[in-house]
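> Position 62 of the sequence shown, counted from 1, bears residue number 63 in this note's numbering, the numbering being contiguous throughout. Here it is, the structure in full.
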Amino acid sequence: MSRSLALALVVLASMPTAAQAPTDGHEGRYVVVDSGRAARSRDAAVEDVVEDMNFIARPIARRRLTEGLPVHRAVEVRREGER
């Protein structure tokens, strides 16, 4: 499994859980129950990705990946218009 795919799977696994029943498919407000756990999962995935990089690229990649994958407290999914 590629490291990018592994990172994506970890991020998806730490996605928020539903705070209310979705109204249409996946619509609704989702809240992260344990943001500390989600951040630790993200950090572990980032470390897994950067571990084989050289010592110059590693901190740069680590910072960019961590900043590019924030752990949000909540996400709202809405659909507007026709399908």
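Here a beta-carbon is modelled for each residue, glycine too, at the ideal position from N, C-alpha and C. Nothing here was measured: the structure is a model prediction, and the numbers come from that model.
1. Using alpha carbons as the reference points, say which of G29, A58, L66 and G37 lies closest to V47.
2. Within a Cβ cutoff of 7 Å, which residues of the same chain sit near E77, ignoring the five residues on either side of it in sequence?
3. From R41 to V32, what distance separates their C-alpha atoms?
4. Over the uninterrupted alpha helix (DSSP H) stretch that includes V51, give me the two end residues.
5. What is the C-beta distance between R74 and E28, in whole angstroms, given that I count them as a contact (C-beta under 8 Å)?
6. In chain order, what residues of the same chain have a beta carbon less than 8 Å from the beta carbon of R63, not counting five sequence neighbours either side?
In brief:
1. Nearest C-alpha to V47: L66.
2. In its chain, beyond the 5 residues on either side, R30 have a beta carbon closer than 7 Å to the beta carbon of E77.
3. Cα-Cα distance, rounded: 17 Å.
4. Residues S36 to V51.
5. Under the criterion of beta carbons closer than 8 Å, R74 and E28 do not qualify as touching, at roughly 19 Å.
6. If we look at R63 and ignore the five residues flanking it on each side, its Cβ neighbours are V47, E48 and V51.
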